[in-house]
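Using this note's numbering, read the sequence shown as starting at 174 and increasing by one per residue. Cβ atoms here follow ideal geometry from the backbone N, Cα and C, with glycine treated the same way. Computed from a predicted structure; not experimentally measured.
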Amino acid sequence: MVASAVIDGPYRYDLRRIWDAGRTPTICAWVMLNPSRADENTDDPTVRRYIAYAQRWGFGGIVVRNLFALRATDPAALLSADDPIGPDNDAWLSERLAGVACVVVAWGCGRYPRLAEERWRRVAQLLAGHRLLCLRTGRDGQPVHPLYQPAGLVPRPWTAPWR
Numbered sequence: 174m175v176a177s178a179v180i181d182g183p184y185r186y187d188l189r190r191i192w193d194a195g196r197t198p199t200i201c202a203w204v205m206l207n208p209s210r211a212d213e214n215t216d217d218p219t220v221r222r223y224i225a226y227a228q229r230w231g232f233g234g235i236v237v238r239n240l241f242a243l244r245a246t247d248p249a250a251l252l253s254a255d256d257p258i259g260p261d262n263d264a265w266l267s268e269r270l271a272g273v274a275c276v277v278v279a280w281g282c283g284r285y286p287r288l289a290e291e292r293w294r295r296v297a298q299l300l301a302g303h304r305l306l307c308l309r310t311g312r313d314g315q316p317v318h319p320l321y322q323p324a325g326l327v328p329r330p331w332t333a334p335w336r
């Protein structure tokens with residue numbers, strides 16, 4: 174497996190895992206709330222979950238992007254940070270997602286719904302042209318986080334619940 178990450182100080186803009194490098198791989202992109210501590214050398218349980226889903230669906234690799242690029246294990250850190258989005262995050266969310274086969278949104282922020290809602294208004298513009306998918310939605314219409322979802326889920330269309 175080819176693994177890489179783009180990390181700049183407190184921000185992670187890109188995380189990739191390519192397991193089918195023998196051909197031009199079809200890539201499944203995941204858009205999450207904010208990055209964990211996973212990097213080019215270390216997977217965490219969520220990254221392993223992305224990989225398992227994408228392999229089951231027949232993709233050759235994943236890329237991971239985030240609404241906020243600040244690396245934190247607790248999303249509460251986003252509320253007090255000066256710049257939780259990161260200076261280059263919008264570019265990584267727009268131009269650098271060209272050519273992916275699908276975009277799965279999966280930030281699952283039940284504790285901080287306003288955080289995702291406010292940021293989503295900008296990110297929706299950046300992802301215009303992509304068909305957005307999710308595993309399932311919570312009661313509030315937000316896409317669920319993949320970590321504790323059943324392994325057999327297949328992606329389905331997602332529309333933001335906000336007007």
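- Relative to residue 266, the option among 183, 227, 299 and 294 whose CA is nearest is 299.
- Across the structure, residue 207 and residue 219 are spaced so that their CA atoms are roughly 12 angstroms apart.
- Segment contact: the region 240-257 against the region 311-331, fewer than three CB-CB distances shorter than 8 angstroms; contact not assigned.
- The region 254-302 contains, as complete beta strand (DSSP E) runs of 3+ residues, the segments 275-278 (chain order).
- The closest CA to that of residue 234, considering only 203, 264, 240 and 241, is found on 203.
- Taking 8 angstroms as the cut-off, the Cβ atoms of residue 315 and residue 330 do not count as close.
- The region 222-238 makes contact with the region 180-195, as at least three CB pairs between them are under 8 angstroms.
- Straight across, the Cα-Cα distance linking residue 175 with residue 275 is about 20 angstroms.
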